[in-house]
Amino acid sequence: MSSGVLLFANNNDQLDYGSMSMACSLLQKRHMGKPVCLVTDDGTVSWMVSQYGRQKVDSAFDHIVIKPTASESTRKFHDGPYAEYSLPWKNFTRVDAYDLTPFESTLMMDVDYLVLSDLLNLCWDSGEDILMNKDIRFIDGSYPSDHDVHVSPFGITMYWATVLFFRKSWRSKHLFSIASHVRDNYPYYTKVYDLPPGTYRNDHAFSIAAHVISGYISPGSVLSLPTGRTRTSTDMDHLMEIQSDDAILFMAQNRAQPWKFLPVRVFGTDVHVMNKFSLSRAVPSIIARFS
Amino acid sequence: MSRKFSADRGFLTIAQGDEYVRMAYALAMSLSATQREVSRLCVAITPGTDVPSEYEWAFDEIVEIPWNDEASTSSWKIENKWKYPHVTPYEETICLDADMLFTSDVSNWWKILAFNDVQICSRVMTYRGDMFDTREYRKCFDPNGLPDIYTGMMYVRQSDRTYEFFDVVRHVFHNWQGLFYDCLDETRPSFLSGDVAYALAIREMDAAQEFVAKNGCPRFVHMKSLGQGWDPSLMVGENWSNRVPVFFTSGLELKVGCHLQTLPFHYHDKTFLTDRIIETYEGALR
């Protein structure tokens with residue numbers, strides 16, 4: 001049975017998701033050793049080839065699927081607490097992963113998810129057809145607030161689609177089918193599930209889908225990944241340095257006193273880096289180290 | 001002289017006043033809609049409480065609470081709650097607060113509960129399926145070693161032991177001011193609380209192992225606002241149905257905050273029971 005990692009990358013004017021996906025892929029290959037399929041657009045591929053050369057791009061990705069993105073939304077991106085940008089966000093194709101992936105068992109992950117361990121390799125023989133985390137923990141050890149635990153103040157559990165494992169089955173197909181329906185009818189689901197108005201989020205779509213396939217009851221039937229919870233660095237934190245193959249230094253914002261920062265070393269555990277500008281600055285060193 | 005019972009098993013609720021009769025009516029319909037084996041509900045009323053004729057079809061028995069109405073001067077009418085074994089027309093009874101709806105079949109509970117003469121609920125849940133474990137409403141329980149019971153749902157079987165227990169409960173209800181003062185510390189409530197009274201009776205009889213339900217049977221969803229895990233800054237208040245989305249379908253499915261309810265649902269907030277919910281039950285059952 002084929003298995004591998006699925007990434008999605010579509011550049012905008014300011015954020016080079018293509019390069020981030022290369023870094024993500026190389027890190028994953030170093031620690032997990034799985035083939036990688038990238039879903040992207042022509043422009044992003046051309047940019048990567050121009051930057052790194054065809055050979056490097058081909059060594060990072062075993063498959064490249066070109067899927068143009070017709071739709072995009074706009075969201076705010078932060079580069080720490082003092083810089084904010086409104087940029088296009090092309091995040092609508094994740095829910096099509098079931099049909100796009102070339103693998104029977106797929107680990108779909110965000111390109112800003114840095115794999116620093118082989119723990120996720122436990123997914124392949126887990127016997128489960130869907131695994132997704134609902135717990136997160138910030139890199140400074142702090143716990144999420146309620147709006148990161150539930151999709152709305154009185155609503156359902158938030159699942160984090162940052163990393164989603166699925167094995168092709170009727171159940172996982174159903175999950176993606178529902179998530180697609182949420183994407184295509186987002187204003188309706190915003191009302192029913194009392195979602196925050198505005199930008200479409202894959203986390204919400206997959207949370208609703210997980211809730212529906214669990215029969216609308218909590219706790220749901222979607223189990224967590226082997227990592228248990230997703231270690232997360234927010235877009236107020238800064239990625240400072242790749243210190244070794246499995247260690248990254250961050251400056252984490254003090255949540256209670258936001259003008260203060262705490263050096264935090266993440267070692268041997270995967271981490272989701274929400275500050276994409278900060279990640280972009282580290283991408284060259286990641287690519288150089290792991291090529 | 002042995003007492004005659006109209007059936008082996010059934011549910012019982014006390015309803016004093018029009019509001020509670022209406023809630024008991026909805027409860028009766030929810031039992032009819034969901035229970036495979038035992039769905040009969042006896043409603044116990046006091047003189048002066050009318051059961052509208054359009055509600056009578058839903059109740060299997062309408063009985064008058066014996067002796068006098070000990071809650072006649074109270075706004076929160078719980079003073080008759082010690083009379084359950086005397087009121088019920090059934091040999092085995094699950095006694096319920098009226099502000100409840102059943103959302104699924106609990107027929108298998110009867111076999112488990114029948115191992116004991118009395119089983120009082122000790123585990124309640126939030127509408128999201130989490131344990132309801134706030135101590136906000138139970139400030140005197142932990143300091144006084146009271147068993148964590150919820151008298152909104154209890155099983156009672158006719159037996160000498162049951163009457164022995166309820167004699168103690170009656171004594172607590174009738175002398176609650178002195179007994180709360182003597183037996184509880186300064187965290188004692190200044191009003192008669194049914195849960196505290198029953199818990200005190202159990203403590204004094206050292207009968208927690210015998211009368212406090214274990215293993216989550218029975219259990220219900222307890223919709224007191226402070227225990228639902230909501231952000232305190234939302235300041236929801238006890239009329240939670242003003243804020244939390246509720247869906248009640250024509251298939252009689254209840255979803256609260258988009259969570260399908262599968263346990264008995266103790267709503268507490270009387271504004272939750274809308275005419276629409278009642279009409280939906282009536283449409284499905286009549």
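One line per chain: the protein sequences are E and D, in this order.
Under the numbering used here, the first sequence has 282 at position 282, and the numbering climbs by one with no breaks.
Under the numbering used here, the second sequence has 164 at position 164, and the numbering climbs by one with no breaks.
Cβ atoms here follow ideal geometry from the backbone N, Cα and C, with glycine treated the same way.
Please read these numbers as outputs of a predicted model, since none were measured by experiment.
{"Check": "Chain D contacts made by the segment 129-140 of chain E, where a contact means CB separation under 8 Å", "Outcome": "none"}
{"Check": "Neighbourhood of W82/D by C-beta distance below 7 Å, restricted to the same chain and skipping five residues each side", "Outcome": "F166, V169, R170 and F173"}
{"Check": "Close beta carbons around Q28/E, own chain, < 7 Å, minus the five adjacent residues each side", "Outcome": "V5, K34, V36 and V115"}
{"Check": "Every unbroken beta strand (DSSP E) inside the segment 186-260 of chain E [3 residues or more]", "Outcome": "230-233, 238-244 and 247-253"}
{"Check": "Meets three-Cβ-pair contact criterion under 8 Å: the segment 123-136 of chain D and the segment 226-234 of chain D", "Outcome": "yes"}
{"Check": "Backbone secondary structure at P264/D - three-state DSSP", "Outcome": "coil"}
{"Check": "Three-state secondary structure (DSSP) of W124/E", "Outcome": "coil"}
{"Check": "Spatial distance of S108/D from S39/D (CA atoms)", "Outcome": "Just to set this straight, residue 108/D is Asn in the shown sequence, not Ser. Distance between the alpha carbons of N108/D and S39/D: 13 Å."}
{"Check": "CB of F265/D within 8 Å of CB of F211/D, strictly", "Outcome": "no"}
{"Check": "Chain-ordered residues of the segment 221-254 of chain D with a beta carbon less than 9 Å from chain E", "Outcome": "Q228, G229, W230, D231, L234, V236, W240, R243, V244, P245, F247 and E253"}
{"Check": "N- and C-terminal bounds of the alpha helix (DSSP H) containing K173/E", "Outcome": "W170 to D184"}
{"Check": "Residues sharing a beta bridge with P88/E, DSSP", "Outcome": "T74/E"}
{"Check": "Euclidean distance between Cα positions of V65/E and M48/E", "Outcome": "14 Å"}
{"Check": "Rounded C-alpha distance that separates A98/D from S159/D", "Outcome": "25 Å"}
{"Check": "In DSSP terms, what F166/D is bridged to", "Outcome": "Answer is none; F166/D lacks a bridge partner."}
{"Check": "Chain D within 8 Å of P219/E, Cβ atoms only", "Outcome": "yes"}
{"Check": "Residue nearest to G10/D in terms of C-alpha spacing, selected from Y20/D, V43/D, E19/D and E253/D", "Outcome": "V43/D"}
{"Check": "Coil, strand or helix - Y98/E by DSSP", "Outcome": "helix"}
{"Check": "Length of the line joining the Cα atoms of M23/D and V271/E", "Outcome": "52 Å"}
{"Check": "Stretch-stretch touch, CB-based, cutoff 8 Å, three pairs: the segment 148-164 of chain D with the segment 199-218 of chain D", "Outcome": "yes"}
{"Check": "Neighbouring residues, chain D, relative to G215/E (Cβ below 7 Å)", "Outcome": "L260"}
{"Check": "Boundaries (first-last residue) of the beta strand (DSSP E) holding S3/E", "Outcome": "S3 to A9"}
{"Check": "Pairwise C-alpha distance: P153/E and V87/D", "Outcome": "43 Å"}
{"Check": "Reduced DSSP secondary structure (H/G/I, E/B, other) of R157/D", "Outcome": "strand"}
{"Check": "Through-space distance from L7/E to M109/E, alpha-carbon basis", "Outcome": "6 Å"}
{"Check": "Below-8 Å beta-carbon distance, F154/E vs any chain D residue", "Outcome": "yes"}
{"Check": "From N80/D, E91/D, D133/D and E253/D, residue whose alpha carbon lies closest to that of K4/D", "Outcome": "E91/D"}
{"Check": "Nearest-angstrom Cα separation, counted from Y216/E out to W57/D", "Outcome": "33 Å"}
{"Check": "First through last residue of the beta strand (DSSP E) which encompasses T93/D", "Outcome": "Y90 to L96"}
{"Check": "6 Å CB neighbourhood of V246/D in its chain, flanking five on each side removed", "Outcome": "V256"}
{"Check": "Endpoints, beta strand (DSSP E) assigned at R9/D", "Outcome": "A7 to I14"}
{"Check": "R286/D burial status per 10 Å Cβ neighbour count (16 or more: buried)", "Outcome": "exposed"}
{"Check": "8 Å CB neighbourhood of E282/D in its chain, flanking five on each side removed", "Outcome": "M29"}
{"Check": "Separation of L192/D from N275/E, as counted between CA atoms", "Outcome": "56 Å"}
{"Check": "Cβ shell of G220/E (< 7 Å), same chain only, five flanking positions each side left out", "Outcome": "T157, A210, H211 and S214"}
{"Check": "Q119/D in three-state terms, based on DSSP", "Outcome": "strand"}
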